[in-house]
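Participant: What follows is a structure written as structure tokens; I'll ask about it next.
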Amino acid sequence: MDACPPLPRAFFRSVADMARLVVRFAILAVLAGLSWLVLSRLRYHWDWSAVWAYRSIFLDGLGLTLAVSVVAITLGLCFGLLSGLASVSGNLVLSELAALYVGAFRGTPLLVQILIFYFCVGVVVRVDSPFVIGTFTLSLFSGAYISEMVRAGVESVDHGQWEAAMSSGMTRGQALLHVVLPQAARRIVAPVTGQFVSCIKDSSLLSVISLRELTKAAEVVNASTYRTFETYLPLALLYLLLTWPLSHLTRRLERGIRNGMRETPR
């Protein structure tokens with residue numbers, strides 16, 4: 001009698017994913033029940049109609065949050081790529097400039113950077129647009145983190161790849177752009193996607209310069225309706241709807257990278 005063939009690894013992975021999904025929904029159901037129990041004891045009179053009347057403000061804020069985040073992460077990717085490549089270029093001046101940029105923006109709070117750029121730099125360059133100043137500041141902040149991702153990704157490539165490329169007649173710059181960077185890009189994708197999630201959440205700080213993104217929109221609605229729970233609960237839900245798919249994509253990318261590196265012959 002023939003033995004049963006072993007089940008494929010993908011089957012066990014799908015079963016594990018399904019079990020994880022069931023457990024996750026069960027936990028969410030319990031948390032929702034506990035939240036309802038706590039809120040019901042407050043004897044709070046819920047009035048969603050007052051907030052629903054201002055739904056267009058929420059939608060406008062949601063659109064502006066997406067616009068700021070997309071532009072900021074795009075510019076941040078450019079800044080981070082240039083800074084990351086400069087840090088591994090071997091040029092002392094470029095690497096020191098990159099280190100100074102990364103240290104300055106990673107070593108100070110984003111809120112302080114926003115205030116400095118809006119109330120100091122913006123006055124000097126005569127730009128008073130909260131969208132322009134806020135997006136540019138957020139892109140520089142994101143670029144500093146992406147720079148470290150690029151540097152770490154390049155340095156994770158085996159040094160033999162450098163030697164093989166340069167022994168074939170390439171310069172260091174050509175070896176970096178044509179051989180090393182394409183290999184490092186696969187390892188950079190997942191953390192950069194995670195940085196996009198952080199960028200969406202960090203955009204809420206732009207409310208301090210009166211940019212009417214999602215958080216500022218909620219503040220406006222709350223000031224008009226005085227319905228704090230009905231205003232800020234949808235705010236949290238909207239941020240969750242924006243970041244949850246990207247967080248899930250980041251985990252899938254990281255898992256795929258780990259599996260690919262495990263299956264790659266050495």
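Sequential numbering from 1 applies to the sequence shown in UniProt numbering.
Idealized CB from N, CA, C, for every residue including glycine.
(1) Going by other Cβ atoms of all chains shown within 10 Å of its Cβ, with 16 needed for buried, is residue 134 buried or exposed?
(2) List the endpoints of the continuous alpha helix (DSSP H) containing residue 78.
(3) Quick one: Cα of residue 35 to Cα of residue 233, how far?
(4) Measure the CB-CB distance between residue 144 and residue 105 and report whether it falls below 8 Å.
(5) Could you give the residue range of the alpha helix (DSSP H) that holds residue 187?
(6) Contact check, residue 205 vs residue 116 under 8 Å by CB: the rounded distance?
(7) I'd like the list of long-range same chain contacts for residue 18, defined as Cβ closer than 6 Å, with 5 residues on each side in sequence excluded.
(8) If you draw a straight line from the alpha carbon of residue 122 to that of residue 136, how long is it in whole angstroms?
(9) Classify residue 213 as helix, strand or coil using the three-state DSSP reduction.
(10) Indicate whether the contact test is met: 3 or more Cβ pairs, each with one atom in the stretch 83 to 98 and one in the stretch 154 to 173, closer than 8 Å.
(11) Please tell me whether, using a cut-off of 7 Å, the distance from the CB of residue 62 to the nearest non-hydrogen atom of the ligand PLP is below it.
(12) Indicate the three-state DSSP secondary structure (helix, strand or coil) for residue 170 in the structure shown.
(13) Once you ignore the five residues that flank residue 228 on each side, which residues in its own chain have a CB closer than 8 Å to its CB?
(14) By the 10 Å Cβ neighbour count, where 16 or more other Cβ atoms means buried, how is residue 267 classified, buried or exposed?
Facilitator: If we stick to the structure as given:
(1) buried
(2) 55 to 87
(3) 12 Å
(4) yes
(5) 181 to 202
(6) With a beta-carbon spacing of about 13 Å, residue 205 and residue 116 fall beyond the 8 Å limit used to define contacts.
(7) Taken in chain order, the list of residues that qualify is empty.
(8) 11 Å
(9) Of the three classes helix, strand and coil, the one that applies to residue 213 here is coil, per DSSP.
(10) yes
(11) Among the ligands in the structure shown, none appear at all, so the ligand PLP cannot be discussed.
(12) coil
(13) 222
(14) Summary: the structure shown does not reach residue 267, with the chain confined to residues 1 through 266, and so no result is reported for it.
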